[in-house]
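J.: Dumping the structure here so I can ask a few things about it.
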Amino acid sequence: AQKITQTQPGMFVQEKEAVTLDCTYDTSDQSYGLFWYKQPSSGEMIFLIYQGSYDEQNATEGRYSLNFQKARKSANLVISASQLGDSAMYFCAMRVLSSGSARQLTFGSGTQLTVLP
Amino acid sequence: GAGVSQSPRYKVAKRGQDVALRCDPISGHVSLFWYQQALGQGPEFLTYFQNEAQLDKSGLPSDRFFAERPEGSVSTLKIQRTQQEDSAVYLCASNPSSGWGEETQYFGPGTRLLVL
Chain S
1 AQKITQTQPG MFVQEKEAVT LDCTYDTSDQ SYGLFWYKQP SSGEMIFLIY QGSYDEQNAT
61 EGRYSLNFQK ARKSANLVIS ASQLGDSAMY FCAMRVLSSG SARQLTFGSG TQLTVLP
Chain A
1001 GAGVSQSPRY KVAKRGQDVA LRCDPISGHV SLFWYQQALG QGPEFLTYFQ NEAQLDKSGL
1061 PSDRFFAERP EGSVSTLKIQ RTQQEDSAVY LCASNPSSGW GEETQYFGPG TRLLVL
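Chains S and A are the protein sequences, given in the same order.
Numbering follows my numbering, with no gaps: position 35 of the first sequence is 35.
So the mapping is simple: my numbering equals the position in the second sequence, first residue as 1, plus 1000.
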């Protein structure tokens, strides 16, 4: 079974500064994918970034980057130059990619990010 | 094109009533997932369809929950004899393939169900 742990229920960051949201995961599988989603108060889950377990380079998407440390089983999200619109709930998720495994995502409990003006 | 849509966006039901929640996935998406999200928690898996076939329903919490996708596009999640513990946001997600590898799931806005 897979498990995602997000230890920061809430985080605050000053506008224009960078912030790191922590995520650790647990799986015995060697092939897996890690995802970060943003959920604003409107409720929709917005895909931000993906990292595959065999990807040698950390994923980046605009202001988002994923600090992937495989040996530590961590996949932290870094948001650079925070904007007020970044205030939302952030979820880390994973799924195993090996044949025969379940297709669904396993989510963490989330981190509520508040960007201060 | 349009994203995943869900209806209704909000539903208030009296305990014991039956409810039906609808999901319209992105056109052409093969895989469809339902998740349940309790207040302040991450989403939890309910069930998975590949086209019209329900391949995994291991997350359905009881036999009061039933899902279908008869023509491989629109899906309906039905909850019979609703209980207060069913109050949650029900999220639908789809992705384009049935294969393996990177499969980003695209989510709808959810249906917020409140059972009184």
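Note that the Cβ used here is the ideal one computed from N, Cα and C, for glycine as well.
Report the rounded CA-to-CA distance for Arg95(S) versus Tyr25(S), giving the unit in angstroms.
T.: Your numbering for residue 95(S) matches position 95 in the first sequence. Your numbering for residue 25(S) matches position 25 in the first sequence. Taking the straight line joining both Cα atoms gives about 11 Å.
J.: Closer than 8 Å by C-beta to Gln104(S): which residues in its own chain qualify, once you throw out the five before and the five after it? Chain order, please.
T.: Locating residue 104(S) in the first sequence gives position 104, where the first residue counts as 1. The residues are Arg95.
J.: In angstroms, rounded to a whole number, what distance separates the CA positions of Tyr90(S) and Ser1075(A)?
T.: Your numbering for residue 90(S) matches position 90 in the first sequence. Your numbering for residue 1075(A) matches position 75 in the second sequence. Cα to Cα, the separation comes out at about 27 Å.
J.: For Met11(S), report the span of its beta strand (DSSP E) as first-last.
T.: Locating residue 11(S) in the first sequence gives position 11, where the first residue counts as 1. That run of the beta strand (DSSP E) goes 10 to 14.
J.: Short of 6 Å in beta carbon distance, which residues of its chain neighbour Ser98(S), apart from the five on each side in sequence? Order them along the chain.
T.: Locating residue 98(S) in the first sequence gives position 98, counting from the first residue. These residues qualify, in order along the chain: Asp29, Ser31.
J.: Mind listing, in chain order, the continuous beta strand (DSSP E) runs of no fewer than 3 residues lying wholly within the segment 50 to 114 of chain S?
T.: Counting whole runs of 3 or more residues, the segment 50 to 114 of chain S contains the beta strand (DSSP E) stretches 64 to 69, 74 to 79, 88 to 96.
J.: Taking Cβ positions only, does Phe91(S) come closer than 8 Å to chain A?
T.: Against the first sequence, residue 91(S) aligns to sequence position 91. Chain A, which has a Cβ nearer than 8 Å to the Cβ of Phe91(S), makes this yes.
J.: In this structure, does DSSP put Asp1063(A) in helix, strand or coil?
T.: For the purposes of this step, residue 1063(A) is taken as residue 63 along the second sequence, with counting starting at 1. Coil.
J.: Can you name the start and end residues of the beta strand (DSSP E) that Asn1095(A) belongs to?
T.: Residue 1095(A) sits at position 95 when you count from the first residue of the second sequence. Residues 1088 to 1095.
J.: Does the beta carbon of Ala88(S) come closer than 8 Å to any beta carbon on chain A?
T.: Walking along the first sequence from the start, residue 88(S) turns up at place 88. No, because no Cβ of chain A sits closer than 8 Å to the Cβ of Ala88(S).
J.: Please classify Asp86(S) as buried or exposed, where buried requires at least 16 other C-beta atoms within 10 Å of its C-beta.
T.: Mapped onto the first sequence, residue 86(S) falls at position 86. Result: buried.
J.: Please classify Val1012(A) as buried or exposed, where buried requires at least 16 neighbouring CB atoms within 10 angstroms.
T.: Within the second sequence, residue 1012(A) is the residue found at index 12, counting from 1. By the neighbour-count rule (16 or more Cβ atoms within 10 Å), Val1012(A) is not buried but exposed.
J.: To the nearest angstrom, report how far apart Thr114(S) and Ser41(S) are at their CA atoms.
T.: To locate residue 114(S), count along the first sequence from 1; it is residue 114. To locate residue 41(S), count along the first sequence from 1; it is residue 41. Taking the straight line joining both Cα atoms gives about 12 Å.
J.: So what's Gln1080(A) in DSSP terms, helix, strand or just coil?
T.: Here residue 1080(A) refers to the residue found at position 80 when the second sequence is read from its first residue. Gln1080(A) falls in the coil class under three-state DSSP.
J.: Per DSSP, which one or two residues make a beta bridge with Ile46(S)?
T.: As a working note, residue 46(S) is residue 46 in the first sequence. Looking at the DSSP assignment, Ile46(S) forms a beta bridge with Lys38(S).
J.: Quick one: measure Cβ to Cβ for Gln1041(A) and Leu1091(A), integer angstroms, because I've assumed they're closer than 8 Å.
T.: Counted from its first residue, the second sequence places residue 1041(A) at position 41. Counted from its first residue, the second sequence places residue 1091(A) at position 91. That belief does not hold up - the Cβ atoms of Gln1041(A) and Leu1091(A) are roughly 12 Å apart, past 8 Å.
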